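With the working numbering applied, the sequence shown covers 7 to 290.
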Amino acid sequence: MNQKEILIIGSNGQLGTALKTKYPRAVAVDYEELDITSLKNLKAFDWSRFKIILNAAAYTNVDGAETNEGRIAAWKINANGPVNLAEIASEKGLILLHISTDYVFDGMTNKHNEDESFSPLGVYGSSKAAGDLIVSSIEKHYILRTSWVIGEGKNFVRTMIEIGRKGINPSVVSDQIGRLTFTSELVRAIDFLISNNSDFGTYNLSNDGKENSWADITRKIFKEMGVDNIVNEVTTEEYYNNKNDIARRPLKSTLNLGKIQGMGFKSKTWEDELLKYINEETAK
Ligand SMILES: NC(=O)c1ccc[n+]([C@@H]2O[C@H](COP(=O)([O-])OP(=O)(O)OC[C@H]3O[C@@H](n4cnc5c(N)ncnc54)[C@H](OP(=O)(O)O)[C@@H]3O)[C@@H](O)[C@H]2O)c1
């Protein structure tokens, strides 16, 4: 695969940053250079050298999406954006790779399969489900459905490392269950799919490993850091009690990885990747 035929959109986000590292010769654009909500902008763009669009752009502020302005932004970026990209991709015959989320589900099933019916609990999940529907309607598409993404940028693990350093004993939710996804794993899976000309369609993708709660993960982080901060377990309901504009969250986020693993993709566990990530972060 010729990297110069790849366009990375949303390249300053967590996933976009990891994609730029993997494909240094690809063209990488973010909001300022290419706004996916503007069909006019997209139509004026020179697509002639590209074969693959990797769309890492999204509105990812789950609670922000519940506000008046956020609701509009989430739908524009997560639904209208993919509509525009799908139109361009089908018109030009390009492959469109898009990223979905466990938030398209209500989290009532223990493990989510790719073909589970959508049942989003909030605006973010609804807007992402709309994006999935349009992307899945074009022929040359990949949708990678992921959960609990950790990379370069603001994320849960970084927040807890900071809390660990400050000696704070945090209250952490213990009834949301899932697995982390390091951007390195997402990038490996993206490369696996596009390099092997894999069948188009939707693929679940998180790191493999044990299903854990955010509280369990926090305890692992503190243990690895060698600090003795105490994790106070709370339920999701207790954590968000009396706060406004909070999105309901799925309680069970674990994704069934059987489809992509069945095609030969070798998953790495989030436990191993977490240790590497903590060592890198604490060495900074
Ligand atoms: N983070 C998670 O835990 C999680 C979990 C499941 C699925 N996902 C999905 O994984 C994908 C990548 O997430 P991420 O964590 O890497 O997101 P992120 O860090 O929030 O990055 C999103 C990027 O998209 C850019 N963007 C926003 N609006 C745009 C527009 N109109 N046109 C072009 N670019 C725009 C953002 O730019 P600005 O910063 O300038 O706005 C940002 O650089 C998303 O599809 C997300 O829904 C994420």
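We treat Cβ as the ideally placed atom computed from N, Cα and C, and that holds for glycine. Source: prediction; values computed, not measured.
Beta-carbon gap between S259 and I183 smaller than 8 Å = Taking the sequence shown and counting its residues from 1, the one referred to as residue 259 is at position 253. Taking the sequence shown and counting its residues from 1, the one referred to as residue 183 is at position 177. Taking 8 Å as the Cβ cut-off, S259 and I183 qualify as a contacting pair.
task = Can you give me the Cβ contacts of G70 inside the same chain, cut-off strictly under 6 Å, excluding the 5 residues immediately before and after it?
result = In the sequence shown, the residue the question calls residue 70 occupies position 64. These residues qualify, in order along the chain: G76.
task = Put N175 into one of helix, strand or coil per three-state DSSP.
result = The residue you call residue 175 lines up with position 169 of the sequence shown. Coil, per DSSP.
ask   = Over what stretch of residues does the alpha helix (DSSP H) that includes G76 continue unbroken?
value = One-based indexing of the sequence shown puts residue 76 at position 70. Taken as a continuous stretch (DSSP letters only), the alpha helix (DSSP H) holding G76 covers 74 to 81.
query = Within this structure, are the beta carbons of A64 and G99 separated by less than 8 Å?
reply = As a working note, residue 64 is residue 58 in the sequence shown. As a working note, residue 99 is residue 93 in the sequence shown. Not in contact: A64 and G99 (Cβ atoms no closer than 8 Å).
Segment limits, alpha helix (DSSP H) that includes G113 = Locating residue 113 in the sequence shown gives position 107, where the first residue counts as 1. Per DSSP, G113 belongs to no alpha helix (DSSP H) and is neither H nor E.
ask   = For A135, which of R225, K82, V233, D222 has the nearest alpha-carbon?
value = Taking the first residue of the sequence shown as position 1, residue 135 is located at position 129. Of the candidates R225, K82, V233, D222, the one whose C-alpha sits nearest the C-alpha of A135 is K82.
message = Using only the alpha-carbon positions, how far apart do A123 and G113 sit?
response = In the sequence shown, the residue the question calls residue 123 occupies position 117. In the sequence shown, the residue the question calls residue 113 occupies position 107. In the sequence on display, residue 123 carries Ser and not Ala. Their backbone Cα atoms lie some 11 Å apart in a straight line.
ask   = Nearest-angstrom Cα distance between I174 and K274?
value = Start at 1 with the first residue of the sequence shown, and residue 174 comes out as number 168. Start at 1 with the first residue of the sequence shown, and residue 274 comes out as number 268. The straight-line gap from Cα to Cα measures roughly 31 Å.
message = Restricting to Cα atoms, I'd like to know which of I223, E158, K172 is closest to E287.
response = Within the sequence shown, the letter at position 281 stands for residue 287. Checking every option, the nearest Cα to that of E287 belongs to E158.
inquiry  = Using the three-state DSSP reduction, which class does I94 fall into: helix, strand or coil?
reply    = Counting from 1 along the sequence shown, the entry for residue 94 is found at position 88. The answer is helix: DSSP assigns I94 an H, G or I state.
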